[in-house]
Amino acid sequence: MEETASYPGRKAKEAAEHLGITTVGGLLHHLPRDRREARTVSTLVVGEQATVVVEVRSISSRPVRRRGMRPLVEALVADETGPLQVTFFNQPWLVKRYPPGTRLVLHGTYELRNRFRVSSHAPTADEIGAGDEVAHYPTAEGLSSTQILAAVREHLGAARLAPDPLPGRLRARHRLPDLPSALIAGHSGQLEEARRRLAFDELFYVQLDLLRRRSRRAIEVGAPALEGEGDGPQSGLVERWKSEQLPFNLTSDQERALGVVLSDLGRSHPMQRLLMGEVGSGKTVIALAAMLRAVEHGQQAAMMAPTETLANQHFATLQTLIGSLNIPIALLTGSTPAARRRDMLGKLASGELAIIVGTHALIEDDVLFDRLAVVVVDEQHRFGVRQRSALDAKAAGSPRESAPHVLHMTATPIPRTLALLGYGDLDVTELRELPKGRKPIQTHLASGERDRARAYERIREELREGRQAFVVCPLVEESEALQARAASAEFERLEAGEFEDFRVALMHGQMRPAEKAAAMAAFAAGEVDVLVATTVIEVGVDVPNATVMLIENAERYGLSQLHQLRGRIGRGEHASTCLCFGPKESERLTAFAAHNDGFKLAEIDLQLRGEGELTGTRQSGMAAFRFAVMPDDGELLERARLSAREILEQDPELEMAEHVPLREALERARGEMTAIAIAA
């Protein structure tokens, strides 16, 4: 199966390398594309790759100014849900090949202004439906679907020799065909049977890898056991903080989560827990309790956030929650002055500084701890694989033998299927319950000038009552290529127009950290009535007096991001309103207006978008799948995880004779997963 597959011509060979089908094994695992993966035009998301089945309405070519390039072909296509502008590069002959009325299967990337850039050969729907003489294989420039089919026919007989690493009892239990039968079926019209077997393989190897990594860590790596209240100067700190400083009672969800986290901290192997909470559910309180437990035992704690805005907000929140307790705490970011930074690093190294909050600056080489025991990583999906693990090496002792307890946090609820895929080596705790007194946010979809006039009047009503408002824009500066309201231009327009009688400020990611901090501080202090901002305010901003938010071009955001933005309001005692401008027929926006439950929205988002872009596959180091489709294969994933757990309980290192082929296959699969993680 590792012998080279042959293709005619240099371009075809280069294309085969790009597709990863240079060997016979790679070729036979390269199944035809499944038509059921096709999306409708209305569900496409900017920047996301997808397949659509559409009909050509009009098609033409136009010259390109760059010398040596062939004319650009542009087509207006549509399905039953709407039109789409499609671009083909370097293929002028397509004007004659695809006359109006031709149905096409297109694979590519959805871009701004309702454009779709085709990335692979586009067969007609008639070709795909004509039987197995013409198969729709994923292609690359220089290698057509027909050429791949010819190579498959030449080498398909080799599939009978393919070794199958899955034990026979496991295949029988899950009614899976053996690997040779699956490969032959996949190229012979029985695509779903083959896809299901190969999808199980992908999911099974991921779960084996995650669970084995988790069990090895528990055995091989130690951590300071922070059991009980400690016996040093700060003994009883956590209970004293809860009873004397915390200005509210914990919810039942928080009490349960805190009990689980403190129990983890009492063990002598490092905690690896994901705290996944609804917006405003109080994750920071649990994080602080974990850090105080470290201080209680004479150890140190660190909290790492992905942006300076969020780090600043966390620092301010922790200071407020700590209250009058004498706990040394500091903030370290890229903007920290050199003299203050030197003083801070000296106190960290000596152990004088108990808690530090910061950004990526915490993982720089010269940041040394005396006895780091607890690490909190907030919005952990925004960090790369290496960044998330870098603080491990800063614990006392050798990083191979000692590591801190780590609490990962996210305010983006993750469906169970994605949690098992991306974070299957972590224990997961959910916070769904909101603090008492929180009122549900009313969300309304809007479009057109009449709705806009009403929206501005609604905001002015809130401002006259002494409340505050957010106006969220997707861009910083105006761009002719991007038809969206830019924050800078909208700030100037609103300040001189609809909100001329109120105090308006601007905040976006391109501002200097000090400018962003000043704008946020002024808004939090009530010195600004309306904050015009980009998504820099998506997480961590807590202004209870803000009761209304207007989101421009809402169709440009995913559901989870919209929910995060909406979570900046509704944090006080007053009723709040979110006004979203975008197409009212959008499934995503309709769901957003109908649901305030972030966990429900995450499931809907997964249904609409698939797993690829939902949590940031490359950023999280999560495996990219060729055959498994989420959430459709959720039940298959559960089966794969159960089987992986049972096999590892019986044979942790896969040393039994029947598991040796499985171990070898896992190492090959793990190599592919590692390559993806490194690319991140």
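Residue numbers (numbering that gives the first Met the number 0): 0 to 679.
We put the CB at the ideal spot given by N, CA and C, even for glycine.
Cβ shell of residue i (< 6 Å), same chain only, five flanking positions each side left out
| i | result |
| --- | --- |
| A668 | Y204 |
| L207 | A643 and L665 |
| E464 | none |
| R213 | D424 |
| L160 | none |
| G25 | G19 |
| L600 | L558, H562 and H594 |
| G569 | I440 and S575 |
| F598 | P412 |
| L178 | A161 and D163 |
Cβ shell of residue i (< 8 Å), same chain only, five flanking positions each side left out
| i | result |
| --- | --- |
| A198 | F624, F626, A627, V628, D632 and L635 |
| A77 | V40, V53, E54, R56 and L83 |
| E201 | A622, F624, R625, F626, A627 and A668 |
| R38 | A49, T50 and V51 |
Residue i to residue j span [Cα, whole Å]
| i | j | result |
| --- | --- | --- |
| D163 | L142 | 29 Å |
| P98 | P31 | 25 Å |
| E652 | Q271 | 21 Å |
| V547 | S334 | 31 Å |
| L661 | A256 | 37 Å |
| R555 | E497 | 24 Å |
| M506 | V535 | 8 Å |
| C472 | A532 | 6 Å |
| P305 | V356 | 11 Å |
| V427 | L273 | 5 Å |
| L420 | R168 | 24 Å |
| A329 | K393 | 17 Å |
| P403 | E73 | 56 Å |
| T589 | R449 | 19 Å |
| L317 | V259 | 21 Å |
| E16 | L209 | 29 Å |
| L347 | A14 | 53 Å |
| T308 | M302 | 14 Å |
| L433 | Q509 | 33 Å |
| F115 | T80 | 15 Å |
| E1 | T358 | 46 Å |
| I354 | I326 | 8 Å |
| D364 | L344 | 11 Å |
| R34 | S262 | Its pLDDT being 46, under 50, R34 is placed unreliably in this model, and the value from its coordinates should be taken loosely. Those two C-alpha atoms are separated by around 49 Å. |
| L371 | A217 | 18 Å |
| N248 | R565 | 25 Å |
| M275 | S251 | 15 Å |
| V284 | L103 | 53 Å |
| T138 | A639 | 30 Å |
Contact belief for residue i with residue j at Cβ below 8 Å, rounded distance in angstroms
| i | j | result |
| --- | --- | --- |
| L558 | I550 | Not quite, the Cβ-Cβ distance comes to about 12 Å (not below 8 Å), so this is no contact. |
| L155 | I183 | 7 Å |
| E584 | S41 | 7 Å |
| V44 | Y109 | 6 Å |
| T416 | F591 | Between F591 and T416 the Cβ distance is about 21 Å, and since that is not below 8 Å, they are no contact. |
| H407 | V373 | About 12 Å separates the two Cβ atoms, so there is no contact after all. |
| V470 | E489 | 7 Å |
| A300 | L225 | Incorrect: roughly 10 Å between the Cβ atoms, too far for contact. |
| S323 | Q244 | 7 Å |
Residue i - DSSP class collapsed to helix/strand/coil
| i | result |
| --- | --- |
| E3 | Sequence check: residue 3 is Thr here, not Glu. T3: strand per DSSP, three-state reduction. |
| P82 | strand |
| H29 | coil |
| V547 | strand |
| S575 | strand |
| H106 | strand |
| A49 | strand |
| R570 | coil |
| L474 | strand |
| D450 | helix |
Counterpart residues of residue i in DSSP-defined beta bridges
| i | result |
| --- | --- |
| F580 | A445 |
| Q271 | V405 |
| E429 | M275 |
| I413 | Note: I413 sits in no beta bridge, so no partner. |
| T22 | T3 |
| F115 | V85 and Y109 |
| S59 | E73 |
| I328 | I354 |
Own chain, CB closer than 7 Å to residue i, minus 5 neighbours either side, in chain order
| i | result |
| --- | --- |
| N544 | R466, Q467, G525 and G571 |
| F88 | L71 |
| K12 | Y6 |
| P91 | S60, R69, P70 and V72 |
Residue-level contact to chain B via CB, residue i, 8 Å cutoff
| i | result |
| --- | --- |
| L549 | In the structure shown, chain B does not exist; there is a single protein chain. |
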